[in-house]
Amino acid sequence: MSENKPASELTGESKTPTNFIHSIIEEDIRNGKNDGRVHTRFPPEPNGYLHIGHAKSICLNFGTALKYNGKCNLRFDDTNPVKEDVEYVDSIRYDVHWLGFDWEGREFYASDYFPQIYQFAENLILKGKAYVCDLSAEQIAEQKGTPTRPGQESPFRNRSVEENLDLFRRMKAGEFAEGSRVLRAKIDMTSPNMHMRDPLLYRIIHTEHHRTGNQWCIYPMYDFAHGQSDSIEGITHSICTLEFEVHRPLYDWCIRELEIFAPQQIEFARLNMTYTVMSKRKLLELVKNNFVSGWDDPRMPTISGLRRRGFTPGSLRNFSDLVGVAKRENVIDVGLLEFCVREDLNKTANRVMGVINPVKLIITNFPEGQVEEMNAVNNPEDPEAGTRKVNFTRELYIERDDFMEDPPSKFFRLAPGREVRLKYAYIIKCESVVKDPVTGEITEIHCTHDPETLSGRANSNRKVKGTLHWVSAQFALQAEIRLYDRLFLSESPEDVPEGEDYKTNLNPDSLKVIKGYVESSVAGTQALDKFQFERLGYFCTDTDSKPDHLVFNRTVALKDSWAKAKN
RNA sequence: UGACCUAUGGUGUAACUGGCAACACGUCUGAUUCUGGAUCAGAAGAGUCUAGGUUCGACCCCUAGUAGGUCAACCA
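Below is the structure:
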């Protein structure tokens, strides 16, 4: 549980720059609040897959606990059986764990607290602070008013405690139809805060719950379950996103009226990223309409998608640290995410040679049938990674982009009459090219090599402008390469003219599947293995990959200053 | 025509809570390199939304604006 650091070093050390939440916590500790105890929680609703925004929240909550020697629970906010499913519970547990965090057995469910929460509701009724309302959903909405106009009181608002208790118990007993009655808090229909206008506490839902089955037919609303769950678990700092800011008065009201342990809710701004959408609804839509292959499509900003794309837990944790925590709206440059994977993979991914857009290269003065084993370094950033042998033969493949017939002056690669080094092998000189007579496309590049320039030899260090990667035409393995690009063309996909929606910004070329070659050393690769294809980028073995049909996903390309120079 | 929140280089966050703005990404130079990667050295780029005020002194405090966001689901 540590691979590649951050989330504040996964230890208690405070290396991270301070954020306002940590400032609050530190002051609470100074003041001896909660006896200096720090207890957070990550509270997903199991109704979808987690995305990078959740990753930030996970890192914040678990990271905060780690930093202050506290605890962090994993709690499922499962109060709406019609939307939730165990499939999501499982994926969430897997993702949190994969990210590198451990809830140490403190896996809780709001549904575990249903009996307790039900009791809370009765207590409120007994105090005259809650009532059963028979109005329809439409009527309640109507009487709620608007943010600028006060609401009206329900005709059922002043029922007696006895009647309320009786009705509520019968709701629980299943005597009433779905939607016929609800339990509401009695607060203030004229409050400028809509959430304080007699909010719903309980509603009737005759749907089987993924954990409690048919035990209940009334379910607490978020506002009557979340804070209560926090309280029951002794959560000291209940960290959530900004849209819950307006819920805080209600959160506090419930805690106060119930006279139970009071956690402190603190809100921060959710993560937004360029070239992507982040709402569960939109992500679900992309999946449902097959714009992507599933929740774990490597183009998705989901944790499962990023994992399949080749991201490492450490890179995501580091990203979460770098984006910071604050209350202002923000849009993070997706380039920062890419920086984080590159930084991580540069240090950990073994190098391998692969040719993505092949053109044949023939070394005319290299004996036919001869095989020479070249020594290759697995990772120049990590001596421990060792070396390997790569077969060199007369016929090779190199990258089509590495050759130009009529190159500009800034082009350092192969061209007629020019010399380059083949990595780990020889310096070669281009003598001629063979073209397809009809298309004019180059089919073969003919070169000669200088045997004295074999890598590692004493006099091999002649200066050449460029070094190319290559694979042996005879030994290379064919592979399917999936080149991913951003899913959306626009930096802000939701920014669209009237009448259109974010889907018009979908990038039609976000996935290109091509055939390429990789050196034979990768033969036994397993799903999610990570490599750097030299000079190209970081790739990982896809879950679809089989020994006789290798599939690699491009996680991210290497920085390419030549591409930039070309414009 | 309400309430609440926010406002610092292109982006994201800092600034010991009053002492003339720092870090990261990005950008641009140069060095180095058997990855046009990495690494190393350096540069440009904001005077902190606006207008007042308090103060010897304000990004930090006050007032009024402006701009953006959130809130009217028997969702969370």
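If you want this note's numbering, it's the 1-based position in the first sequence plus 3. Built from N, CA and C at the ideal position, the CB exists for glycine as well.
Where residue i falls, given that 16 or more other Cβ within 10 Å makes a residue buried
i    : result
V516 : exposed
H552 : exposed
R160 : exposed
N321 : buried
K567 : exposed
V85  : exposed
G420 : exposed
L348 : buried
S183 : exposed
A188 : buried
V92  : buried
D405 : buried
S5   : Note that S5 has pLDDT 45, beneath the 50 cutoff, so the model's placement of it is unreliable and the number below is only indicative. Exposed: under 16 other Cβ atoms inside 10 Å.
Helix, strand or coil at residue i [DSSP, three-state]
i    : result
C433 : strand
C243 : strand
P118 : helix
V521 : strand
Q142 : helix
K562 : coil
D551 : coil
D233 : helix
A482 : strand
F159 : coil
T279 : coil
K569 : helix
K363 : strand
N508 : helix
A133 : strand
N72  : coil
R311 : helix
K59  : helix
L399 : strand
P223 : strand
H212 : strand
R152 : strand
Boundaries (first-last residue) of the beta strand (DSSP E) holding residue i
i    : result
R424 : E422 to L425
V295 : Counting along the chain, V295 falls outside any beta strand (DSSP E), and DSSP gives it neither H nor E.
A379 : E375 to V380
L186 : V185 to A188
V92  : That residue, V92, is in no beta strand (DSSP E); its alpha helix (DSSP H) goes V89 to W101.
C450 : I445 to D453
T546 : Per DSSP, T546 belongs to no beta strand (DSSP E) and is neither H nor E.
Any non-hydrogen atom of the ligand FMN within 7 Å of residue i CB
i    : result
D226 : The ligand FMN is not among the ligands present in this structure, which contains no ligands whatsoever.
Proximity of residue i and residue j at Cβ, strictly below 8 Å
i    : j    : result
H229 : D80  : yes
I242 : I24  : yes
P500 : N508 : no
I335 : V326 : yes
V423 : V467 : yes
N72  : T43  : no
F179 : L204 : no
A352 : K562 : no
A571 : Y541 : Any answer about residue 571 is impossible in this case: the structure gives the chain only from 4 up to 570.
G154 : R96  : no
V337 : R485 : no
G308 : D299 : yes
V89  : L129 : no
R311 : T546 : yes
E537 : R416 : no
Y222 : I235 : no
Extent of the continuous alpha helix (DSSP H) to which residue i belongs
i    : result
F23  : F23 to R33
V164 : V164 to K175
P316 : P316 to V326
E346 : V337 to T351
R251 : R251 to L261
7 Å Cβ shell around residue i - same chain, five flanking residues per side excluded
i    : result
E341 : V559
V295 : L289, R302 and M303
D481 : According to the sequence shown, residue 481 is Gln rather than Asp. Excluding sequence neighbours, Q481 sits near K518 and Y520.
Own chain, CB closer than 6 Å to residue i, minus 5 neighbours either side, in chain order
i    : result
W473 : L399, I401 and L425
K569 : none
V393 : M377, A379 and E522
N37  : T239
L319 : A58
T215 : S114
N368 : T451
R109 : N76
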